[in-house]
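Residue numbers (the numbering used here): 33 to 308.
All C-beta atoms in this analysis are idealised placements derived from N, C-alpha and C, irrespective of residue type, glycine included.
Take a look at the structure below.
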Ligand SMILES: Cc1cc2nc3c(=O)[nH]c(=O)nc-3n(C[C@H](O)[C@H](O)[C@H](O)COP(=O)(O)O)c2cc1C
């Protein structure tokens, strides 16, 4: 597929087409990527998994502090214990491979102790840097795995049961999951998820969201034409009623109106983070 077609599939927003840019297979692949939640039973080779871990840990790292850690969960008892916490997402317990990407502010703290220096890494800066390093490692593995023909699904819902997940994985203070990653060979095609129009997500020389409302209306309609959300999947109908037109923005506004992740801040505060 050409860039022009791949960009049209991803955005369909009439924005820049990248026509004339030199062909690049990897970028074309990124434009057409999609999350996969159903996998064949074929187990990826261990050598491929080793390669993906090495690639993930080749991601950029803030200040070269290298605050990402990757934990592979292969013990069947631990896999099913974690999976059982999230029955609405069966792929968590059943994907052939499951990694957890950890923000690891502990290692730098320990290095300070080893070198006799006053490192205090439970700060907001320490948390933020470790989170970003883990997220970059996660996304690097995602793109590399997909380019090797695998399908993946990041799993941040594990943070909703952070106390239980941390106990299963024996996570120490200052180490926290950013997300899990289900991985395996895709059992189906999946679909490319239309992204917001670039006039809503890109800015030139100064931030300007004055056209947001129109851009979102347009996006809702185009996304609905591709994949409409069935009436029975409308969220919080008791609270917000049944919408005649239920687009992406209505769905996301309803989703975001219910705060998620309440257990995460107290967990972090009880496990070494002061956020000062
Ligand atoms: C940090 C992060 C956490 C995610 N957590 C979950 C999750 O817990 N469960 C899930 O099924 N999908 C999860 N996803 C997948 C997103 O729902 C998916 O990326 C999004 O719908 C866009 O689809 P696409 O990746 O196919 O373009 C997560 C994605 C990211 C980046």
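Does residue i come out as helix, strand or coil in the three-state DSSP assignment?
i	result
residue 254	helix
residue 307	coil
residue 52	coil
residue 103	strand
residue 133	strand
residue 219	coil
residue 238	strand
Starting from the C-beta of residue i, find all residues in its chain whose C-beta is less than 8 Å away, skip the five residues before and the five after it, and write them out in chain order.
i	result
residue 193	117, 118 and 295
residue 274	263 and 266
residue 244	232
residue 48	39 and 230
residue 299	194, 195, 198 and 208
Beta-carbon within less than 7 Å of residue i's beta-carbon, same chain only, minus the 5 sequence neighbours each way: which residues are those?
i	result
residue 204	138
residue 182	76, 215, 216 and 217
residue 33	60 and 64
residue 272	286
residue 127	71, 214, 215 and 216
residue 304	154, 205 and 206
For residue i, report the span of its alpha helix (DSSP H) as first-last.
i	result
residue 144	138-146
residue 284	280-289
residue 160	156-179
residue 128	No alpha helix (DSSP H) contains residue 128, which DSSP labels as neither H nor E.
residue 79	78-88
residue 271	269-272
residue 261	It is not in any alpha helix (DSSP H) - residue 261 carries neither H nor E in the DSSP assignment.
residue 112	108-116
residue 97	From DSSP, residue 97 is part of no alpha helix (DSSP H); its letter is neither H nor E.
Quick check on residue i: buried or exposed, where buried means 16 or more other Cβ atoms within 10 Å of its Cβ?
i	result
residue 146	exposed
residue 173	buried
residue 223	exposed
residue 56	exposed
residue 1	Outside the displayed range of the chain (33 to 308) lies residue 1, so it cannot be described from this structure.
Less than 8 Å between the beta carbons of residue i and residue j, yes or no?
i	j	result
residue 88	residue 169	yes
residue 225	residue 211	no
residue 267	residue 45	no
residue 68	residue 185	yes
residue 208	residue 293	no
residue 58	residue 227	no
residue 156	residue 132	no
residue 166	residue 100	yes
residue 154	residue 206	yes
So residue i is in the beta strand (DSSP E); what residue range does that whole segment cover?
i	result
residue 212	207-216
residue 186	183-187
By Cβ distance, which residues of its chain are closer than 6 Å to residue i, with the 5 residues on each side in sequence left out?
i	result
residue 113	200
residue 281	248 and 252
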